[in-house]
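Residue numbers (mature numbering (1 follows the signal peptide of the UniProt record, and there is no 0)): -19 to -1, 1 to 305.
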């Protein structure tokens, strides 16, 4: 199998817009495809979220409520299940490193996995071995007051140990909590004007900047977190299929050079944008063969700048390489 760099494989109308951005020598295939539909270890039923730890281990949750862990080559390592699944399954996960945590009851020990337990209105916390850290849960009550949630989409942390939790369905906001789980502030609200959200599906933070995949507004919003009240920096995109446009952006990941990777559920592609939002390249097209995607939900970038794509309705993961 040929290996594939991050090159354009989109509709002909879009490919020409990427002239000069497609690396030379790239092939049309990913360098690794793994997983298939099923209930046994290493198989998936519509995986919904993916994250990665400092050892390049991949954590994937699917619609069975299982969280499976793999190495970066797709080798199965371990599995556990979320506590409840009758109402629905998680749709967001991230890792909070131990060095980015506070010093109190929720700030000791090793890194922890933050899980957006969407339909149970809460964030769950796990140790890397799957131990549920019950006392570190945030939320659990449906509502619109501080500390209550609608449907939780994602949970991420900053370098000071603060946790940010996104939600949709009536609230469409982001709430911020300190390292002990105490509510601090909230922002957003339902709407399409800058600073408002329609399903803030994915959150990513680096150096006091947050990127938000504002999924049903088909755009990305950036916020400055350096002050007490987050400040909107800019808004990227809008609905469409051209470079720099989006159709349900569902997940975000950052590469080592500061470029951002966006997975688009409805466009069946991922895009790479520079730190200021300028499109660099695109990958993917609708379908079932390697190099094609079927309603992808998630993406992560490992320590070698390899992009792992959660090809959800194909029940698999595809891996591609970013060019140097």
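The beta carbon of each residue, even a glycine, is placed where N, CA and C say it ideally should be.
So, at 6 Å on beta carbons, what are the nonlocal neighbours of residue i in its own chain, with the 5 sequence-adjacent residues on each side left out?
i	result
residue 198	173 and 179
residue 89	At residue 89 the pLDDT is 43, less than 50, meaning the model places this residue with poor confidence; the figure from the coordinates comes in the next sentence. If we look at residue 89 and ignore the five residues flanking it on each side, it has no Cβ neighbours.
residue 205	212 and 214
residue 50	38, 40, 58 and 59
Checking 8 Å against the spacing of the C-beta atoms, do residue i and residue j come in under that value?
i	j	result
residue 216	residue 184	no
residue 234	residue 298	no
residue 31	residue 296	no
residue 113	residue 64	yes
residue 264	residue 250	yes
residue 127	residue 167	yes
residue 261	residue 240	yes
residue 231	residue 248	no
residue 192	residue 200	no
residue 142	residue 160	yes
residue 53	residue 283	yes
Taking the C-alpha atoms as reference points, what is the distance between residue i and residue j?
i	j	result
residue 116	residue 163	13 Å
residue 156	residue 75	16 Å
residue 257	residue 188	14 Å
residue 28	residue 226	25 Å
residue 237	residue 210	27 Å
residue 268	residue 208	44 Å
residue 134	residue 182	5 Å
residue 35	residue 246	27 Å
residue 242	residue 294	20 Å
residue 55	residue 139	28 Å
residue 220	residue 259	16 Å
residue 149	residue 131	6 Å
residue 2	residue 15	Its pLDDT being 29, under 50, residue 2 is placed unreliably in this model, and the value from its coordinates should be taken loosely. Approximately 28 Å, taken between the alpha carbons.
Please list the terminal residues of the continuous beta strand (DSSP E) segment that includes residue i.
i	result
residue 273	No beta strand (DSSP E) holds residue 273; DSSP gives it neither H nor E.
residue 71	Residue 71 -> no beta strand (DSSP E), and no H or E assigned at all.
residue 256	First-last for residue 256: undefined, no H or E at that position.
residue 30	30 to 33
residue 51	47 to 51
residue 62	57 to 62
Keeping to the same chain, check which residues put their C-beta closer than 7 Å to that of residue i; ignore five residues upstream and five downstream.
i	result
residue 119	103, 104, 144, 146, 158 and 162
residue 292	274, 275, 277, 298 and 299
residue 61	48 and 111
residue 107	93, 94, 96, 113 and 114
Per DSSP, residue i forms a beta bridge with which residues?
i	result
residue 101	Residue 101 is not bridged to any residue.
residue 289	281 and 300
residue 247	DSSP lists no partner for residue 247.
residue 120	103
Only counting the same chain, and skipping five residues up and downstream in sequence, which positions put a Cβ closer than 8 Å to that of residue i?
i	result
residue 26	18, 19, 20, 43, 44, 45 and 296
With a threshold of 8 Å between beta carbons, is residue i in contact with chain D?
i	result
residue 265	Judged by its chain identifiers, the structure shown contains no chain D, having just a single protein chain.
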